[in-house]
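There are 2 protein chains.
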Amino acid sequence: MFKYVFGVDLGGTTVKIGLLSTSGEKIEVWEIPTRKEQNGKYILGDIAKSVRSKMDEKNITDSEVMGVGIGAPGPVDAKGVIYKAVNLGWDKFDLEEELHSIIKLPVKAGNDANVAALGEAWKGGGKGYKNMLLVTLGTGVGGGIINEGKILTGATGAGGEIGHIHIEDNEEDTCGCGNRGCFEQYASATGAVTLAKRELVASNEESTLRSENDLTCKIIFDAAKAGDPLAKRVVEKYGYYLGKGLAAVASVINPEAIVLGGGVSKCGEILFDLLKPSYEKYVFHGSKDVKFALAQLGNDAGIFGAARMLVDQE
Amino acid sequence: MFKYVFGVDLGGTTVKIGLLSTSGEKIEVWEIPTRKEQNGKYILGDIAKSVRSKMDEKNITDSEVMGVGIGAPGPVDAKGVIYKAVNLGWDKFDLEEELHSIIKLPVKAGNDANVAALGEAWKGGGKGYKNMLLVTLGTGVGGGIINEGKILTGATGAGGEIGHIHIEDNEEDTCGCGNRGCFEQYASATGAVTLAKRELVASNEESTLRSENDLTCKIIFDAAKAGDPLAKRVVEKYGYYLGKGLAAVASVINPEAIVLGGGVSKCGEILFDLLKPSYEKYVFHGSKDVKFALAQLGNDAGIFGAARMLVDQE
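First to last, the protein sequences are chains A and B.
Just so you know, the first sequence maps onto residues 0 to 313 in the working numbering.
Just so you know, the second sequence maps onto residues 0 to 313 in the working numbering.
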C-alpha cells in the first residue's frame, strides 16, 4: 500500500523537493542547490541521493513510495523526454528513464509550467475543476492546461505555452520572440510597465507614476487603486489585453476555470474586473461562463503537481 | 469477445449509421431519416430500432457488440450530456444514458465535429497522430481537438469550437456571432467569397471572377489556379487568415498534425502553400514543425469517430 509520493520542482538555482502523502498532504519540503556544472550532469544524481536519504531518515521503504514526479524548466513530452533545458545545460534526453535508472522508483516528468497547473488543479485555485487553465503572469506569460484532470502536453511539450499567441495587429514593438503583438507583450508584469510608459509619454497629464524612477507592476496597480487617473487607464488597458488573450485560449479549450498565478496575480481579484469586459467580448459564447480564480500554492505548485502526476497513475 | 461496434452520425436531415469491426473496418453503412417532429422525440428510438434490426439481420448478438457511439449536432460534455441541439429541437439531457436505456448496449456520445476529428485521427488524414487538430472549412469553420488519442471535450463540450476566435483587429463587418474579426469570417468558404467580393469592388482590374453571377470558393480557387491575378490575391489572403487562425490554435495545444476538412479542403494541397507563410509567422516556435494533411474520410468521419469512442474504452 503506497503511503508517500515525492514531488520535485527543478529550477535553475535550486531544486525544491516535497515529501507528500498520496492524498496530497505536505509532510516535508526542502531544497538543494541545482549544480549546473558540466552541463548539469550531477543534477539527477543529487536529486536521487536527497530523496533516498530522506527515505532513510524517515524509515520509508520503496514499497511505500508511489514514485517521484519531476517538473523541469523545458519542454517535456508525454513520454517524459525533455527536449532542451537551456538554464540547466541539458540537451534532449529521456528524463523519466534516466532518473528512474538512478532512483529505482517510478518516475513521471513534465514541464514546470504544466506541472504547476496540475498542482493548482489538485490542491490550489483550480481545485475541483477537471478542465482548467493556469496562466502565470510574471516577467513573461506562461501557462498550463489541464484536460480531464491531466496535463495537456502536446506533441513536443509546448502545450499551454500561450505567451506568444498573437493578440494585437497594431503593434510596432517587437517581442523577444521576434514577432509583434504577442500576449506576453501586454499581459506580463513587464507588459504592464510598457503600457504605463506609453501612457506617460502620450501626454503631460499629472500622475504619481511620474515620480517613480523604477516603475513596477505593483506600483502601477497601487497607484490605480489610490485613484490616479492615468494609472487607472493603464490597468484598464492591461485588463483589456489579458482578457483578450484569455478569450483566445478559452475559445480553443473551453475550460471550466482560469486560474491566475505569478507576480501580477498578487494584485488580487481586481484583475477579474479588469479582464472580464474584453474576455466576454472576444470569447466564443460556449466558453463565456468560465470561473476565474487566483492561484493559491505559490512556489509549492510545482511539488504538488509533480507528485500528482504519479497519483494520477493509480 | 467483441467483434462489432456501431457508429452513428446524427445530422439534421439524416442519421448515418455504420456497422464496423472493432478494428475499424467498415462492414456496412446505411441511412435513416432524422424525424424532427415533436422536438425530435422519435430520433433515439429510430436509431435503436435500426441498429437492432441490423443485428437481427446479421445474427449479431449483444455480447459481440462493443457498443454504440453517437456524434450529435450540439455541445456534448465528457459525461455524454448534450446541452442543446437547435437543429433537432433538443434541449439539455443525458444523451448517453437516454440512448443506453433504449438500446441496451454501451453508449458513448460526443459533439459531431469532435467525433469527426476522432474519426480522422483513427482512420483518416490524422492517422498515426495522437495529438491532432481537425479544422472543417465549410459554410462556417468547425474544429475538433484530439489530445493523446481522445477528444478534448472541454467544460461544456465547446472544446475545439474555433470558428469564433478573434484573429483580425481591423474588421468592420460583423460576424453572425455578433463579434468582428472571427476566424470564420475569413477561413470559411463563405469567407473566401467575401474576400473576393472585397477585392472586386476595390478596383476595376480585369478578372474572370467578374463574369460570375454566383461566386463560390471553388470558382475562386479555380480562377487562381488558371492564373487570374485578382483571384490569386484573394486565395493568398484566404491563406493568410487560415494560417493566422491555425497558428493561434496550435500555439495553445501544440498538435502533431493539423488536418483540413470540409468543402474548401477539396481545393487540395495548394492550401498548405497558401497558409504556411502566415502560420509560421504567427505560431509559437515550439509548434512550428506541425504536419499538415487533408481529411480523407469525407462524410464517413463521423461514423468512424463515433465508433472509436467505444473502442477507446477497451
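A virtual CB, placed ideally from N, CA and C, is assigned to each residue, including glycine.
For residue 145(B), return the contacting residues in chain A, with the cut-off set at a CB-CB distance below 8 Å. Correct list: empty, because the minimum Cβ distance to chain A is about 11 Å.
Beta-carbon proximity check, residue 264(A) vs residue 136(A), cutoff 9 Å: yes
Less than 9 Å between the beta carbons of residue 141(A) and residue 120(A), yes or no? no
Please report how far the alpha carbon of residue 294(B) lies from the alpha carbon of residue 125(B), in whole angstroms. 7 Å
Measure from the C-beta of residue 280(B) to each C-beta in chain E and report whether the shortest distance is under 9 Å. Here chain E cannot be found, since the structure's protein chains are A and B.
Does chain A have any CB closer than 9 Å to the CB of residue 99(B)? no
Which chain B residues sit within Cβ distance under 7 Å of residue 285(A)? Chain B residues near residue 285(A): 74, 155, 157, 160.
Identify every run of the beta strand (DSSP E) within the segment 185 to 272 of chain A, keeping only runs that are complete inside it and at least 3 residues long; order them along the chain. DSSP runs (the beta strand (DSSP E)) wholly in the segment 185 to 272 of chain A: 256 to 260.
Cutoff 9 Å: residue 164(B) Cβ touching any chain A Cβ: yes
Can you have a look at residue 269(B) and say buried or exposed, based on whether 16 or more other CB atoms are within 10 angstroms of its CB? When all chains shown are included, residue 269(B) counts as exposed.
Expressed to the nearest angstrom, what Euclidean distance is found between the alpha-carbon atoms of residue 221(A) and residue 278(A)? 23 Å
So, at 7 Å on beta carbons, what are the nonlocal neighbours of residue 44(A) in its own chain, with the 5 sequence-adjacent residues on each side left out? 101
Does any CB atom of chain A fall closer than 9 Å to the CB of residue 266(B)? Residue-level contact by beta carbon fails for residue 266(B) and chain A, as no gap is shorter than 9 Å.
On the CB-based measure, 16 or more other CB atoms within 10 Å of its CB, does residue 131(B) come out buried or exposed? That one is buried.
Taking its Cβ as the centre, do 16 or more other Cβ atoms sit within 10 Å of residue 184(A), making it buried, or is it exposed? That one is buried.
Does the CB of residue 243(A) have a neighbour CB from chain B at under 9 Å? yes
Same chain, Cβ closer than 8 Å to residue 78(A), five either side skipped, listed in chain order: 93, 95
Between residue 23(A) and residue 122(A), is the Cβ-Cβ spacing less than 9 Å? Yes, they are a contact pair.
Assign residue 206(A) to one of two classes, buried (16 or more other C-beta atoms within 10 Å of its C-beta) or exposed (fewer than that). Residue 206(A) is buried by the Cβ-count criterion.
How is the alpha helix (DSSP H) around residue 8(B) delimited, first residue to last? That residue, residue 8(B), is in no alpha helix (DSSP H); its beta strand (DSSP E) goes 3 to 9.
I'd like to know if residue 302(B) contacts chain A, where contact means its C-beta is closer than 9 Å to some C-beta of that chain. no
With DSSP collapsed to three states, give me the class of residue 277(B). helix
Is there at least one Cβ from chain A nearer than 9 Å to residue 313(B)'s Cβ? Summary for residue 313(B): the model assigns pLDDT 47, below 50, so the residue's position carries little reliability; its value from the coordinates is reported in the next sentence. No, because no Cβ of chain A sits closer than 9 Å to the Cβ of residue 313(B).
At which residue ranges does the segment 35 to 95 of chain A contain complete beta strand (DSSP E) runs of 3 or more residues, listed in the order of the chain? 64 to 71
Using C-beta distances below 8 Å, list every residue in its chain close to residue 171(A), excluding the 5 sequence neighbours before and after it, in chain order. Taken in chain order, the residues that qualify are 179.
Three-state secondary structure (DSSP) of residue 303(A): helix
Decide if residue 89(A) is buried, meaning its Cβ has at least 16 other Cβ atoms within 10 Å, or exposed. buried
Compile a chain-ordered list of the residues in the segment 43 to 76 of chain A whose CB is closer than 8 Å to at least one CB of chain B. 74
Cβ-based neighbour list, residue 292(B), same chain, cut-off 8 Å, excluding 5 preceding and 5 following: 124, 125, 256, 257, 258, 259
If we cut at 9 Å on Cβ distances, does residue 151(B) have a partner in chain A? yes
Neighbour list for residue 254(A) in chain B, Cβ cutoff strictly below 8 Å: Result: 153, 154.
Here's the rule: buried if 16 or more other CB atoms are within 10 angstroms of the residue's CB, otherwise exposed. What is residue 306(B)? buried
Do the CB positions of residue 195(A) and residue 208(A) come within less than 9 Å of each other? yes
Suppose you measure from the CA of residue 230(B) to the CA of residue 298(B); what does that come to, to the nearest Å? 29 Å
From residue 197(A) to residue 228(A), what distance separates their C-alpha atoms? 15 Å
Which partner residues does residue 181(B) have in the DSSP bridge list? DSSP output for residue 181(B) lists 165(B) as bridge partner(s).
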